[in-house]
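In what follows, a single structure is set out as C-alpha coordinates and then discussed.
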Amino acid sequence: MENRENKIIFSLIVANIVLIIIFCSGLMLKSHKKNLNSARLAFIPENSMISRILLVSGNESLELQNTDNGWRGVKDSFDFLTDENVVNGFLEELKKIHPAVILSSSLSEIHRYGLDEDNVFKIKLFAENGTVISDLNFGFENNLGENISYYSGIDNHIYSIDGAISSYLNLKTSYWGELDLFYKGFDYNKLQGFTFISYDTSGSIENRVEIIKNDVNSWSLNNSFNNSKPVILPDTDIKEYFRKVSLLRALDISNAGRDKMPGEKYSLTFQWGDGSVDSFLIYEEAEDMTLFSGFSDTWYTISSYTLEKLLPDFL
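So for the sequence shown, full-length UniProt numbering puts the first residue at 1; every next one is plus one.
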(Lines of atoms letter the chains of each structure in order from A and count residues from 1; the text may use other names and numbers.)
(Lines give C-alpha, C1' and ligand atoms only; values in the text may rest on other atoms or scores of the structure.)
Protein backbone atom coordinates (compact mmCIF):
# COMPACT_ATOMS: atom_id res chain seq x y z
CA MET A 1 0.00 0.00 0.00
CA GLU A 2 2.79 2.35 0.95
CA ASN A 3 4.68 1.55 -2.28
CA ARG A 4 1.60 2.33 -4.32
CA GLU A 5 1.20 5.73 -2.65
CA ASN A 6 4.86 6.50 -3.28
CA LYS A 7 4.44 5.64 -6.96
CA ILE A 8 1.43 7.94 -7.24
CA ILE A 9 3.31 10.81 -5.55
CA PHE A 10 6.32 10.23 -7.80
CA SER A 11 4.07 10.24 -10.90
CA LEU A 12 2.47 13.52 -9.83
CA ILE A 13 5.88 15.11 -9.26
CA VAL A 14 7.07 14.00 -12.70
CA ALA A 15 3.86 15.26 -14.31
CA ASN A 16 4.25 18.65 -12.64
CA ILE A 17 7.86 18.89 -13.76
CA VAL A 18 6.81 18.11 -17.34
CA LEU A 19 4.08 20.75 -17.19
CA ILE A 20 6.55 23.33 -15.86
CA ILE A 21 8.99 22.52 -18.67
CA ILE A 22 6.22 22.84 -21.27
CA PHE A 23 5.05 26.14 -19.76
CA CYS A 24 8.56 27.61 -19.67
CA SER A 25 9.20 26.46 -23.22
CA GLY A 26 6.01 28.22 -24.29
CA LEU A 27 7.11 31.43 -22.61
CA MET A 28 10.52 31.20 -24.27
CA LEU A 29 8.95 30.61 -27.68
CA LYS A 30 6.54 33.49 -27.16
CA SER A 31 9.37 35.76 -26.04
CA HIS A 32 11.51 34.66 -28.99
CA LYS A 33 8.65 35.33 -31.39
CA LYS A 34 8.07 38.75 -29.81
CA ASN A 35 11.76 39.57 -30.15
CA LEU A 36 11.68 38.56 -33.80
CA ASN A 37 8.79 40.98 -34.38
CA SER A 38 10.35 43.83 -32.43
CA ALA A 39 12.88 46.41 -33.50
CA ARG A 40 14.47 49.69 -32.48
CA LEU A 41 14.45 52.20 -35.31
CA ALA A 42 16.45 55.36 -35.93
CA PHE A 43 14.94 57.84 -38.38
CA ILE A 44 18.31 59.43 -39.14
CA PRO A 45 21.89 58.16 -38.89
CA GLU A 46 23.81 59.36 -35.86
CA ASN A 47 25.55 62.75 -36.19
CA SER A 48 23.77 63.56 -39.46
CA MET A 49 23.85 67.23 -40.47
CA ILE A 50 20.43 68.10 -41.87
CA SER A 51 20.31 70.98 -44.35
CA ARG A 52 16.78 70.62 -45.67
CA ILE A 53 13.57 68.78 -44.78
CA LEU A 54 10.80 68.15 -47.29
CA LEU A 55 7.32 67.26 -46.01
CA VAL A 56 4.86 65.92 -48.60
CA SER A 57 1.22 64.87 -48.49
CA GLY A 58 -0.49 64.21 -51.81
CA ASN A 59 0.20 67.11 -54.16
CA GLU A 60 1.01 69.51 -51.33
CA SER A 61 4.43 70.10 -49.78
CA LEU A 62 6.28 72.29 -47.31
CA GLU A 63 10.04 72.65 -46.99
CA LEU A 64 12.17 73.54 -43.98
CA GLN A 65 15.57 75.05 -44.78
CA ASN A 66 18.47 75.42 -42.37
CA THR A 67 19.92 78.90 -43.04
CA ASP A 68 22.51 81.11 -41.38
CA ASN A 69 19.60 82.94 -39.72
CA GLY A 70 17.85 79.83 -38.45
CA TRP A 71 15.24 77.55 -39.97
CA ARG A 72 12.92 79.05 -42.55
CA GLY A 73 9.89 77.47 -44.18
CA VAL A 74 9.00 77.52 -47.86
CA LYS A 75 5.54 76.81 -49.22
CA ASP A 76 4.14 77.63 -52.66
CA SER A 77 7.33 79.58 -53.47
CA PHE A 78 7.04 82.00 -50.50
CA ASP A 79 9.25 81.71 -47.44
CA PHE A 80 8.72 82.53 -43.78
CA LEU A 81 10.38 82.41 -40.39
CA THR A 82 9.63 79.18 -38.54
CA ASP A 83 8.76 78.71 -34.89
CA GLU A 84 12.07 77.72 -33.32
CA ASN A 85 10.41 75.65 -30.57
CA VAL A 86 8.36 73.62 -33.05
CA VAL A 87 11.30 72.90 -35.36
CA ASN A 88 13.60 71.98 -32.47
CA GLY A 89 10.95 69.63 -31.08
CA PHE A 90 10.61 68.02 -34.51
CA LEU A 91 14.38 67.54 -34.84
CA GLU A 92 14.58 66.00 -31.36
CA GLU A 93 11.80 63.57 -32.28
CA LEU A 94 13.66 62.57 -35.46
CA LYS A 95 16.83 61.85 -33.47
CA LYS A 96 15.15 59.51 -30.99
CA ILE A 97 15.40 55.74 -31.14
CA HIS A 98 11.86 54.40 -31.58
CA PRO A 99 10.70 50.99 -30.34
CA ALA A 100 8.77 49.31 -33.15
CA VAL A 101 6.74 46.22 -33.91
CA ILE A 102 6.64 44.63 -37.35
CA LEU A 103 3.09 44.72 -38.70
CA SER A 104 3.84 43.10 -42.03
CA SER A 105 6.75 41.99 -44.19
CA SER A 106 4.77 42.34 -47.39
CA LEU A 107 4.73 45.64 -49.27
CA SER A 108 1.52 44.54 -50.95
CA GLU A 109 -0.20 45.60 -47.70
CA ILE A 110 0.86 49.26 -47.78
CA HIS A 111 -2.71 50.31 -48.65
CA ARG A 112 -4.03 48.57 -45.54
CA TYR A 113 -1.75 50.67 -43.35
CA GLY A 114 -2.19 54.00 -45.13
CA LEU A 115 1.22 53.96 -46.78
CA ASP A 116 -0.06 54.15 -50.36
CA GLU A 117 0.32 57.34 -52.42
CA ASP A 118 -3.20 58.52 -51.57
CA ASN A 119 -2.65 58.46 -47.81
CA VAL A 120 1.06 58.45 -47.01
CA PHE A 121 2.83 61.40 -45.37
CA LYS A 122 6.44 61.59 -46.54
CA ILE A 123 9.44 63.22 -44.91
CA LYS A 124 12.73 63.48 -46.78
CA LEU A 125 15.86 64.69 -45.03
CA PHE A 126 18.72 66.12 -47.10
CA ALA A 127 22.39 66.80 -46.42
CA GLU A 128 24.03 70.04 -47.54
CA ASN A 129 25.29 68.41 -50.75
CA GLY A 130 21.75 67.39 -51.69
CA THR A 131 22.00 63.69 -50.91
CA VAL A 132 19.03 62.07 -49.19
CA ILE A 133 19.82 61.18 -45.58
CA SER A 134 16.48 59.51 -44.83
CA ASP A 135 13.23 58.82 -46.65
CA LEU A 136 10.45 58.33 -44.10
CA ASN A 137 6.86 57.27 -44.79
CA PHE A 138 4.02 57.45 -42.28
CA GLY A 139 0.52 56.02 -42.61
CA PHE A 140 -2.55 55.48 -40.47
CA GLU A 141 -2.66 56.12 -36.73
CA ASN A 142 -4.14 53.49 -34.42
CA ASN A 143 -4.92 53.06 -30.72
CA LEU A 144 -6.26 56.62 -30.58
CA GLY A 145 -3.06 58.05 -31.96
CA GLU A 146 -0.72 56.16 -29.66
CA ASN A 147 0.87 54.39 -32.62
CA ILE A 148 1.36 55.05 -36.32
CA SER A 149 2.37 52.81 -39.22
CA TYR A 150 5.79 53.45 -40.70
CA TYR A 151 7.90 52.34 -43.67
CA SER A 152 11.45 53.48 -44.41
CA GLY A 153 12.27 51.78 -47.70
CA ILE A 154 15.40 50.27 -46.16
CA ASP A 155 13.72 46.88 -45.78
CA ASN A 156 10.39 45.31 -46.69
CA HIS A 157 8.92 45.68 -43.22
CA ILE A 158 5.94 47.81 -42.27
CA TYR A 159 6.21 48.86 -38.63
CA SER A 160 4.05 50.24 -35.87
CA ILE A 161 5.86 52.93 -33.87
CA ASP A 162 4.85 55.35 -31.13
CA GLY A 163 2.71 58.22 -32.40
CA ALA A 164 4.71 61.10 -30.89
CA ILE A 165 5.78 62.20 -34.38
CA SER A 166 2.15 62.54 -35.51
CA SER A 167 1.72 66.18 -34.44
CA TYR A 168 4.48 67.17 -36.87
CA LEU A 169 2.83 65.47 -39.83
CA ASN A 170 1.04 68.53 -41.20
CA LEU A 171 1.69 71.24 -43.77
CA LYS A 172 -0.02 74.19 -42.08
CA THR A 173 2.01 77.38 -42.12
CA SER A 174 0.16 78.46 -38.97
CA TYR A 175 1.76 75.45 -37.24
CA TRP A 176 5.32 75.79 -38.53
CA GLY A 177 5.49 79.58 -38.78
CA GLU A 178 6.63 81.99 -36.09
CA LEU A 179 3.46 84.03 -35.49
CA ASP A 180 4.72 86.25 -32.67
CA LEU A 181 5.19 89.65 -34.31
CA PHE A 182 7.91 90.47 -31.77
CA TYR A 183 9.27 86.95 -31.72
CA LYS A 184 12.73 87.93 -30.41
CA GLY A 185 11.23 89.69 -27.45
CA PHE A 186 11.01 93.43 -27.20
CA ASP A 187 13.90 95.22 -25.48
CA TYR A 188 12.13 98.40 -24.51
CA ASN A 189 15.29 99.92 -23.04
CA LYS A 190 16.97 99.93 -26.46
CA LEU A 191 14.11 101.72 -28.20
CA GLN A 192 14.95 105.30 -29.18
CA GLY A 193 11.90 106.21 -31.22
CA PHE A 194 9.25 105.07 -33.67
CA THR A 195 7.46 106.56 -36.65
CA PHE A 196 3.87 105.99 -37.69
CA ILE A 197 2.74 106.82 -41.25
CA SER A 198 -0.69 106.41 -42.84
CA TYR A 199 -1.36 106.62 -46.57
CA ASP A 200 -4.41 107.59 -48.62
CA THR A 201 -5.77 105.53 -51.52
CA SER A 202 -3.43 107.21 -54.00
CA GLY A 203 -0.39 106.21 -51.95
CA SER A 204 0.34 109.71 -50.71
CA ILE A 205 1.23 110.25 -47.05
CA GLU A 206 -1.89 111.13 -45.10
CA ASN A 207 -0.32 111.48 -41.68
CA ARG A 208 3.16 111.15 -40.21
CA VAL A 209 3.93 111.05 -36.50
CA GLU A 210 7.36 110.64 -34.93
CA ILE A 211 7.78 109.75 -31.29
CA ILE A 212 11.29 110.32 -29.98
CA LYS A 213 12.72 109.43 -26.60
CA ASN A 214 13.77 112.47 -24.54
CA ASP A 215 15.01 110.72 -21.44
CA VAL A 216 13.98 107.88 -19.15
CA ASN A 217 10.84 109.75 -18.13
CA SER A 218 9.36 111.25 -21.30
CA TRP A 219 8.94 111.13 -25.07
CA SER A 220 8.15 113.82 -27.67
CA LEU A 221 5.35 113.33 -30.20
CA ASN A 222 5.91 115.32 -33.41
CA ASN A 223 3.24 115.55 -36.12
CA SER A 224 4.77 116.79 -39.38
CA PHE A 225 1.32 117.67 -40.77
CA ASN A 226 0.69 120.50 -38.33
CA ASN A 227 2.80 123.25 -36.89
CA SER A 228 1.94 122.60 -33.29
CA LYS A 229 4.60 122.16 -30.68
CA PRO A 230 5.72 118.63 -29.79
CA VAL A 231 3.48 116.85 -27.30
CA ILE A 232 5.30 115.48 -24.27
CA LEU A 233 4.21 111.94 -23.38
CA PRO A 234 5.08 110.22 -20.10
CA ASP A 235 7.24 107.12 -20.36
CA THR A 236 4.51 105.10 -18.65
CA ASP A 237 2.18 105.61 -21.66
CA ILE A 238 4.77 104.39 -24.16
CA LYS A 239 5.81 101.48 -21.98
CA GLU A 240 2.20 100.32 -21.58
CA TYR A 241 1.65 100.51 -25.34
CA PHE A 242 4.66 98.30 -26.03
CA ARG A 243 3.73 95.91 -23.25
CA LYS A 244 0.51 95.22 -25.15
CA VAL A 245 1.88 95.06 -28.69
CA SER A 246 4.77 92.78 -27.70
CA LEU A 247 2.17 90.05 -27.09
CA LEU A 248 0.48 90.32 -30.50
CA ARG A 249 0.36 87.34 -32.85
CA ALA A 250 -0.54 86.97 -36.49
CA LEU A 251 -3.35 84.71 -37.67
CA ASP A 252 -1.17 82.92 -40.20
CA ILE A 253 1.69 83.24 -42.64
CA SER A 254 0.61 85.04 -45.82
CA ASN A 255 1.65 84.14 -49.36
CA ALA A 256 1.45 87.80 -50.33
CA GLY A 257 4.35 89.74 -51.75
CA ARG A 258 4.93 93.40 -52.33
CA ASP A 259 4.46 92.93 -56.07
CA LYS A 260 0.99 91.44 -55.45
CA MET A 261 -0.25 94.01 -52.96
CA PRO A 262 -1.86 97.42 -53.37
CA GLY A 263 -0.12 100.40 -51.79
CA GLU A 264 0.67 100.45 -48.11
CA LYS A 265 -2.04 101.59 -45.73
CA TYR A 266 0.19 102.04 -42.68
CA SER A 267 3.82 101.69 -41.70
CA LEU A 268 5.33 101.51 -38.24
CA THR A 269 9.12 101.86 -37.99
CA PHE A 270 11.16 101.34 -34.83
CA GLN A 271 14.52 103.03 -34.26
CA TRP A 272 16.98 101.31 -31.94
CA GLY A 273 19.89 102.59 -29.92
CA ASP A 274 22.47 100.98 -32.22
CA GLY A 275 21.09 102.88 -35.21
CA SER A 276 19.22 99.93 -36.74
CA VAL A 277 15.54 100.01 -37.68
CA ASP A 278 12.75 97.45 -38.02
CA SER A 279 9.46 98.09 -39.77
CA PHE A 280 5.94 96.79 -40.07
CA LEU A 281 4.31 97.52 -43.44
CA ILE A 282 0.54 97.03 -43.36
CA TYR A 283 -1.72 96.50 -46.38
CA GLU A 284 -5.51 96.60 -46.23
CA GLU A 285 -7.60 93.85 -47.78
CA ALA A 286 -11.30 92.98 -47.77
CA GLU A 287 -11.45 91.43 -44.29
CA ASP A 288 -8.07 90.84 -42.69
CA MET A 289 -4.89 92.83 -43.13
CA THR A 290 -1.54 91.79 -44.55
CA LEU A 291 1.58 92.79 -42.63
CA PHE A 292 5.20 92.52 -43.70
CA SER A 293 7.58 92.29 -40.76
CA GLY A 294 11.11 93.56 -41.07
CA PHE A 295 11.83 91.75 -37.80
CA SER A 296 11.44 88.33 -39.41
CA ASP A 297 11.37 89.11 -43.15
CA THR A 298 7.98 87.41 -43.28
CA TRP A 299 4.49 88.23 -44.62
CA TYR A 300 1.60 87.70 -42.22
CA THR A 301 -2.16 87.79 -42.14
CA ILE A 302 -3.35 89.79 -39.13
CA SER A 303 -6.80 90.52 -37.79
CA SER A 304 -8.42 93.93 -37.55
CA TYR A 305 -8.11 93.52 -33.76
CA THR A 306 -4.32 93.20 -34.05
CA LEU A 307 -4.18 96.25 -36.30
CA GLU A 308 -6.22 98.23 -33.78
CA LYS A 309 -3.75 97.33 -31.03
CA LEU A 310 -0.79 98.30 -33.22
CA LEU A 311 -2.17 101.80 -33.74
CA PRO A 312 -1.38 103.76 -30.55
CA ASP A 313 -4.25 105.52 -28.76
CA PHE A 314 -2.11 108.62 -28.34
CA LEU A 315 -1.67 109.28 -32.09
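For glycine and all other residues, C-beta sits at the position ideal for the given N, C-alpha and C. Here the structure is a predicted model, which is why all the values come from computation and not from measurement.
### Message
Need the endpoints of the alpha helix (DSSP H) that Ser304 sits in, please.
### Response
304–310
### Query
Between Tyr283 and Leu91, what straight-line distance do the alpha-carbon atoms span, to the nearest angstrom?
35 Å
### Task
Whole angstroms is fine: what's the gap from Ser51's alpha carbon to Gly130's?
8 Å
### Message
For Glu240, count the other beta carbons within 10 Å of its own beta carbon; 16 or more makes it buried, fewer makes it exposed. Which is it?
### Response
exposed
### Query
Under the three-state reduction of DSSP, which class applies to Val209: helix, strand or coil?
strand
### Query
Should Ser167 be labelled buried (16 or more other beta-carbon atoms within 10 Å of its own) or exposed?
exposed
#### Entry: Distance, Ser77 Cα to Asn214 Cα
44 Å
### Task
Examine the Cβ distances between the segment 125–139 and the segment 96–103 and report whether three or more of them are shorter than 8 Å.
no
#### Entry: Among Gly273, Asn207, Pro312, the one whose alpha carbon lies nearest that of Leu233
Pro312
### Message
Quick check on Tyr266: does DSSP put it in helix, strand or coil?
### Response
strand
### Message
Need the endpoints of the beta strand (DSSP E) that Leu281 sits in, please.
### Response
277–284
#### Entry: Exposure of Thr301, with buried meaning 16 or more beta-carbon neighbours within 10 Å
buried
### 9 Å Cβ cutoff met for Trp71 and Glu84
yes
### Task
Give the C-beta separation of Ile158 and Glu109 to the nearest angstrom, bearing in mind that I take them to be a contact with Cβ-Cβ under 8 Å.
6 Å
### Query
Using 8 Å as the threshold, is the segment 287–295 in touch with the segment 243–257, meaning 3 or more CB pairs across them?
yes
### Message
In this structure, how does DSSP classify Glu109 when only helix, strand and coil are distinguished?
### Response
helix
### Message
Could you give the first and the last residue of the continuous beta strand (DSSP E) run that contains Gly130?
### Response
Counting along the chain, Gly130 falls outside any beta strand (DSSP E), and DSSP gives it neither H nor E.
### Task
Would you mind sorting Asn226 into buried or exposed? The rule is 16 or more other CB atoms within 10 Å of its CB.
exposed
### Any alpha helix (DSSP H) of 4 or more consecutive residues that is wholly inside the segment 157–185
173–176
### Query
If you drop the 5 nearest sequence neighbours on each side, which residues of the same chain put their C-beta closer than 7 Å to that of Gly203?
Gly263
### Task
Using 10 angstroms around the beta-carbon of Thr201, count the other beta-carbons present and answer buried if the total reaches 16, otherwise exposed.
exposed
### Query
Leaving out the 5 sequence neighbours to the left and right, which residues in its chain are closer than 8 Å to Asn37 when beta-carbon positions are compared?
Val101, Ile102
### Task
Report the option in Val216, Phe194, Lys244 whose CA atom is closest to the CA atom of Asn223.
Phe194
### Per DSSP, the bridge partner or partners of Phe61
One point to set straight first is that residue 61 is Ser, not Phe, in the sequence displayed. Bridge partners of Ser61: Val56.
### Query
Can you tell me whether Val277 is buried or exposed, with buried defined as 16 or more other CB within 10 angstroms of its CB?
exposed
### Query
Between which two residues does the beta strand (DSSP E) containing Gly203 stretch?
Note, Gly203: premise wrong, no beta strand (DSSP E); not H, not E.
### Task
Might you give, ordered along the chain, the residues of its own chain that have their beta carbon closer than 7 Å to the beta carbon of Tyr188, omitting 5 neighbours on each side?
Lys239, Phe242
### Message
Taking the straight line between their C-alpha atoms, what separation do you get for Ser267 and Ser198?
### Response
7 Å
### Task
Using a threshold of 9 Å, state whether the C-beta atoms of Tyr151 and Leu191 are closer than that.
no
### Query
Looking at the unbroken beta strand (DSSP E) that takes in Asp235, where does it start and where does it end?
Run containing Asp235: none in the beta strand (DSSP E); it sits in the alpha helix (DSSP H), 235–245.
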